[in-house]
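Asker: Chains as they are written, first to last, in the numbering used here: chain A, 1 to 336; chain B, 1001 to 1336.
Positions of the beta carbon are idealized from the N, C-alpha and C atoms, including for glycine.
There are 2 protein chains.
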Amino acid sequence: MAIRLQDIANDLNLSKMTISKVLRGQTDVSAETKARVLKRMKELNYRPNISARSLRTGQTYCVGMVVPSLTDPTVAFIVRGINEVFRSADYSLVISAVDGDAEVEEREVELHLSRQVDALIVLPGSDASNNPQTLTITTTPVVYVGPCPPRVSQPSVSLREDEVGQIAVQHLLKRRSKRFAYLRGPRTAVADQRFTGFLEAVRGAGLAVKQEWIFETQPNESEYRGGFEVMQRLAAGRLRPDGVIAYTDLLAAGARDAAIAAGLHIPQQVQVIGSGNLVEVCETGITLTSIDLSCEEIGRKVARLTLRRIEEKGETSVRSVTLSPKIMQRQSTLLS
Amino acid sequence: MAIRLQDIANDLNLSKMTISKVLRGQTDVSAETKARVLKRMKELNYRPNISARSLRTGQTYCVGMVVPSLTDPTVAFIVRGINEVFRSADYSLVISAVDGDAEVEEREVELHLSRQVDALIVLPGSDASNNPQTLTITTTPVVYVGPCPPRVSQPSVSLREDEVGQIAVQHLLKRRSKRFAYLRGPRTAVADQRFTGFLEAVRGAGLAVKQEWIFETQPNESEYRGGFEVMQRLAAGRLRPDGVIAYTDLLAAGARDAAIAAGLHIPQQVQVIGSGNLVEVCETGITLTSIDLSCEEIGRKVARLTLRRIEEKGETSVRSVTLSPKIMQRQSTLLS
DNA sequence: ATGAAAGCGCTAACAC
DNA sequence: GTGTTAGCGCTTTCAT
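(1) In whole angstroms, what is the alpha-carbon distance linking A:E43 and A:V37?
(2) Does DSSP classify A:C148 as helix, strand or coil?
(3) Would you report the Cα separation of A:D101 and A:P132, rounded to the nearest angstrom?
(4) Rounded to a whole number of angstroms, what is the C-alpha to C-alpha distance between B:D1292 and B:L1005?
(5) Is there a Cβ of chain A sitting closer than 7 Å to that of B:A1253, yes or no?
(6) Quick one: which chain A residues come within Cβ less than 8 Å of B:E1110?
(7) Using a Cβ-Cβ distance under 7 Å, would B:R1115 count as near chain A?
(8) Would you decide whether A:V202 is buried or exposed? Buried here means 16 or more other CB atoms lie within 10 Å of its CB.
(9) Near A:L239, what residues of its chain come up, given a Cβ to Cβ distance below 8 Å and the 5 sequence neighbours on each side ignored?
(10) Beta-carbon separation of B:V1143 and B:T1284 under 7 Å?
(11) Report the three-state DSSP secondary structure of A:A2 (helix, strand or coil).
(12) Between the stretch 66-79 of chain A and chain B, which residues of the former have a C-beta closer than 8 Å to a C-beta of the latter?
(13) Residues of the stretch 263-283 of chain A with a CB closer than 7 Å to any CB of chain B: list them in chain order, please.
(14) Thinking C-alpha only, which one of A:R300, A:N13 and A:A181 is nearest A:V321?
(15) Could you check what DSSP says for A:D99 in three-state terms: helix, strand or coil?
(16) Under 7 Å between C-beta atoms, does B:A1261 make it to chain A?
(17) Pick out whichever of B:L1199, B:G1237, B:S1096 and B:A1261 has its Cα sitting closest to the Cα of B:Q1170.
(18) Looking at C-alpha atoms only, which residue of B:E1311, B:A1002, B:Q1211 and B:R1304 is the closest neighbour of B:S1156?
(19) Since A:G254 and A:Y224 are thought to touch, with beta carbons under 8 Å apart, how far apart are those beta carbons, to the nearest angstrom?
(20) Excluding the 5 residues preceding and the 5 following B:F1086 in the sequence, name in chain order all residues of the same chain whose CB lies nearer than 6 Å to its CB.
(21) Measuring only from the beta carbon, is A:R238 closer than 6 Å to any heavy atom that is part of the ligand HEM?
(22) Using 8 Å as the threshold, is the stretch 1046-1053 of chain B in touch with the stretch 108-125 of chain A, meaning 3 or more CB pairs across them?
(23) On a Cα-Cα basis, can you pick out the residue from A:I310, A:P141, A:I298 and A:T289 that is closest to A:R330?
(24) Shorter than 7 Å from the beta carbon of B:L1055 to some beta carbon of chain A?
(25) Tell whether a beta-carbon distance below 7 Å holds between B:G1274 and B:D1249.
(26) Looking at the structure shown, is A:R176 part of a helix, part of a strand, or coil, going by DSSP?
(27) To the nearest angstrom, how far is it from the Cα of A:D162 to the Cα of A:V63?
(28) Taking only three categories from DSSP, how would you classify B:V1209?
(29) Residues bridged to B:V1122 by DSSP?
(30) Going by C-alpha distance, which of B:S1332, B:Q1269, B:A1076 and B:G1125 is nearest A:P68?
(31) Between the alpha carbons of B:D1192 and B:P1186, how many angstroms are there, rounded?
(32) Just to confirm the assignment, what range does the beta strand (DSSP E) spanning A:S290 have?
(33) Taking the continuous beta strand (DSSP E) assigned at A:I286, which residues delimit it?
(34) Take B:Q1218 and list the residues in its own chain whose beta-carbon comes closer than 8 Å to its own, dropping the five residues that flank it on each side.
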C-alpha cells in the first residue's frame, strides 16, 4: 500500500507526530530532524492521505462547482479563471455539468455536500427559478456566479449586464450611428437586462427606439441564420438601420454577412457589434467588434471570493461583486 | 455540526452499525427498522461523510483529470462526455487545467494522488514528451486520452487521426476533386498523423501530391487569416486546387472566404473541408463540411474504461480503444 | 524538541 | 436481525 506517516516514523525511529509536524511546517522541530524527515519523505515518495486529514480537520481543500454546461465558451472561460486561482492555493475544483436539469442539479449539490467540499460555486442556468432547496439551508459557503437567485442571500459575482447594451450604444453613438437595430436574443433574465441597458442608452441620447427593429431569437433556429435573415429583411426595407447590436457574436456574424450580401458596406453604411468576444467568430471575415464579458476575470473574482468565504467560517462579511464588460474594437465599427 | 450516523442511532436506539447497513443497502435489516432509519435520515437531512468512508474503504469515488486547457472546445466536449457517464455512476470529476506547463502538470498529478482519487485521466498537451514521471510508477489506474506517451503502457482512448485525412480525401474523390491542397496545421504528432493519412489516401488513389500545396500554420498567426492568405495565393496561381482540406475549421473558413473573395464558386470550383466540426464556425456563411472528431463519444468511452479499470483493481486486462472520425456534410462540398 | 493518547465518521469482520 | 470491536491515516492536545 501507500506510504504512511507511520512508515517514515518507523524508519527514522521517531514518532509519527514529529513527522506530521514536519509535514505541516510546524517550527518546533530541530533543523536536523526536519532535514532527515524531508529526505526520507522524498525517497519514499510520500504523499499525505488527504481523506484522512480531511476527516480530522474538517477541511477538504475541495470546492464543488455546478454549471449548466461545460461546452458553452462563456462557462469554460469562467472555469478557467477559477482554476487559475485555485491552482496556486492548492485547492481543487470538483465540477459537474447538469445540462439544465433541475433534478440532476439537486443531486449533484447533495453529492458535493456529502464530499464535505469547503464551498460550493453555483452557476445557475437560464431558468434560475428552480434553485436547489438545499443551497438555502446548508451552512457550507455558497458563491453564485451571476445574480444570486431571488430569496437567497449569498454573495455572488456578476457582470453588469445592462452595461453590455449601454456600452454598445455609446460606442456606436460616438461613431455617428443613429438608427439602431437590436437582436435581443432569447427571453431570459440576462437578455432582458442587456435590452434594458440598450433602451436606456438610446433614449438617454434623445433617440427613438423602433419597435420593429427589435428581434428575438427563435428557440431552435441557428443563431447565425437567425441574424442573417433578420438583416436580409432590414436591408430590403425603405429605411435601414445604420447600427446593429446583437446579443451574441453569431447573431452579429449572421447580420454582418447578410448586410454584405445585400451590397451594404461595413462599417461605412452599417456598423455591427456582437457580444461574447468569441475569437472563433469575431476574427473571421470583416472582423467583429464585440463586447467582452470578462469571463476569466469573473472566474478569478469568484475564486478569490470563495477562498475568503472559506477562511472566515461563517461571518458573512463578504459582499457581492460586480464587473463591467469591455468593448473590443474590430473592423465592423468605424475607427474614430 | 453535521448529522452523523451516531446521531441517528441514538435517536432510534439502534447501533450505528445498523444505520450504516441501511445506508449502504445491506439486506440483513428488517424492513421496519429500515423504514424508521430512512425516515429519520430524511428528517435530519443526513448526508454521509465521504471523507470518512473513503478513509475506511480506500475508495473516494473521485477521479482526477488533467487537461491542457478547458477553453479548447475539443477538450470541453471530451469532458462533457466523461461527466455524463460519471454522473450516473455517482463519481465526481476533479479537473485541473495545466496550460501546457509541465511543472504544473506534475504538481497537479501529485495533488490528485494525494487526494486518493480512484483513477486519473490524462489528456496530454501537444508536447507529450514531458509526461510526469509519477504517472509511470503509481499504482493508481491511469487512462490516457489520445495516444499514450511512449514508454508508458497504460490503456488509452484515441481517435484514429490518420483517418481524418483519409476520410476527407475519400469524400472529395467521390465528388471528383483531383487536385488537393492541404493546410496541415502545426508540427505536432497529431497533425503529422492526419497528414500521413492524407498522403496515403491521395497516393492510394493514384494521384500526385503537390508539395507546394501543403501549408503549415505559422505559430502566432490567426488561423483564419492564415487560411485566408494561403487560399489567396492559391487562387491567383495558374493551376488551382479543386479541393482544400484543412486541419481546423478556422483554417478552412479562411480558405473558403478567400476563395469566394477571389471570385471562385464553392463547392462547384473548389470544395473545402475542415476538421473539428465546430458549429460556431461551420454553420456560418457557406456552411463547411467538416470532420467530426467524436469528442463526446471519446469522453464516454474514457469514462467507461476508467470505471472498469477501477473495478478490476490491478489486473490490466483492459485494452486501449480507438475511434473513427465521421464526416459532416455541409454546403462546402458537393451533394452527390 | 519530541511523543503518547484520543478521536474525526465510517465500515469490515465478526459475534450474538 | 442487530450489535461489538477495531481501525483506516491523520491531527489536536497535552505531557515530557
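Answerer: So, to answer that:
(1) Whole-angstrom Cα-Cα distance: 10 Å.
(2) Looking at A:C148 - three-state DSSP - the assignment turns out to be coil, as it is neither helix nor strand.
(3) The alpha-carbon of A:D101 is positioned some 11 Å away from that of A:P132.
(4) Each residue's Cα considered, the two are about 50 Å apart.
(5) Chain A contact via Cβ: present.
(6) Taking a Cβ-Cβ cut-off of 8 Å, the neighbours of B:E1110 in chain A comprise R47, given in sequence order.
(7) Interface flag for B:R1115 against chain A is set, since a Cβ pair is found closer than 7 Å.
(8) A:V202 comes out buried.
(9) Only R179 meet the Cβ criterion.
(10) B:T1284 is positioned such that its CB atom lies no closer than 7 Å to that of B:V1143.
(11) It is coil, neither helix nor strand.
(12) Here the close residues are S69, L70, T71, P73, A76, F77 and V79.
(13) Correct list: L278, E280, V281 and E283.
(14) Comparing alpha-carbon positions, the option among A:R300, A:N13 and A:A181 lying closest to A:V321 turns out to be A:R300.
(15) Of the three classes helix, strand and coil, the one that applies to A:D99 here is coil, per DSSP.
(16) Put simply, the CB of B:A1261 is far from chain A, with every gap to its CB atoms at 7 Å or more.
(17) Of B:L1199, B:G1237, B:S1096 and B:A1261, the residue nearest in Cα terms is B:L1199.
(18) Comparing Cα-Cα distances from B:S1156 to each of B:E1311, B:A1002, B:Q1211 and B:R1304, the minimum goes to B:R1304.
(19) A:G254 to A:Y224, Cβ: 4 Å. Contact.
(20) By the criterion of a C-beta distance shorter than 6 Å, B:F1086 is surrounded in its chain by L1093 and A1303, once the five residues flanking it on both sides are discounted.
(21) The ligand HEM is absent from the structure shown, which contains no ligand whatsoever.
(22) Verdict: yes, contact present.
(23) Looking at the Cα atoms, A:T289 is the closest of the given residues.
(24) It does: the Cβ of B:L1055 has a partner Cβ on chain A nearer than 7 Å.
(25) In this structure, B:G1274 places its C-beta atom within 7 Å of the C-beta atom of B:D1249.
(26) Coil, per DSSP.
(27) Taking the straight line from one Cα to the other gives about 30 Å.
(28) Reduced to three states, the DSSP call for B:V1209 is coil.
(29) B:V1122 has B:V1066 and B:Y1144 as its beta-bridge partners, per DSSP.
(30) Of the candidates B:S1332, B:Q1269, B:A1076 and B:G1125, B:A1076 places its Cα closest to the Cα of A:P68.
(31) Straight-line Cα distance between these residues: approximately 8 Å.
(32) Looking at the DSSP string, the run of the beta strand (DSSP E) that includes A:S290 is T289 to D292.
(33) Counting along the chain, A:I286 falls outside any beta strand (DSSP E), and DSSP gives it neither H nor E.
(34) Exclusion of the five residues before and after B:Q1218 leaves G1226 as the residues of its chain whose Cβ lies within less than 8 Å of its Cβ.
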